[in-house]
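Asks: Take the position in the sequence shown, starting the count at 1, then add 16; the result is the number in our numbering.
All C-beta atoms, glycine included, are put in the ideal place defined by N, C-alpha and C.
Source: prediction; values computed, not measured.
I'd like to ask some things about the structure below.
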Amino acid sequence: MSRRGLPLFITVSVLWGVPYLLISVALEGLGPVGVVAGRVALGALVLLPVAWRRGLPRLLRERWRPLLLLAVVEVAAPFTLIAVGGAWCLPDSPGC
């Protein structure tokens with residue numbers, strides 16, 4: 017691996033793994049649905065000002081049905097399944 021590749025690999029590994037660590041910590045105090053709601057709300061708080069600045073509310077009004085379907089299939093369902101899996105699967109059990 018190159019000198020540049022190793023730090024990039026470590027950075028991506030940390031960025032990829034931290035959400036799962038935070039999910040397991042959040043599941044101690046919240047249920048899976050609460051964790052998903054928090055993740056989606058946090059993402060919306062970050063992205064909505066950017067969308068507003070770029071004039072996307074008009075686009076959202078015009079194409080809200082496909083965007084709602086996309087949000088459910090690509091965001092809400094996977095986040096819910098990840099949180100339910102994290103709550104259901106004990107860290108010390110095999111296969112988890």
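Does the distance from the C-beta atom of T96 to that of V52 stay below 7 angstroms?
Replies: yes
Asks: Contact between the segment 84-104 and the segment 37-50: three or more CB pairs below 8 angstroms?
Replies: yes
Asks: Which of the three DSSP states is assigned to R19 in this structure?
Replies: coil
Asks: From which residue to which residue does the alpha helix (DSSP H) around E78 run?
Replies: Residue range 72-78 is occupied by the alpha helix (DSSP H) that includes E78.
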